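In the UniProt record's numbering, the protein residues as written are 1 to 53.
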């Protein structure tokens, strides 16, 4: 591989790594949002339960 090919290869590797990291972060953020919604709905259920008692 000559210098130009190495530079192109490094750029491609950076793009691939960046996309993978972005995908992982996106999934983690979505999981956190879902967990927050579940916590809020659980609180609502607990409040309804307290009203029945």
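Glycine included, each C-beta is placed from N, C-alpha and C at the ideal position. Only a predicted model underlies this, so the values are computations on that prediction, with no experimental measurement involved.
CA-CA distance, residue 18 to residue 10, rounds to 12 angstroms.
Residue 2 sits in coil when the DSSP states are folded into three classes, being neither helix nor strand.
For residue 10, the three-state secondary structure derived from DSSP is helix.
When rounded, the separation of the alpha-carbon atoms in residue 33 and residue 50 is 26 angstroms.
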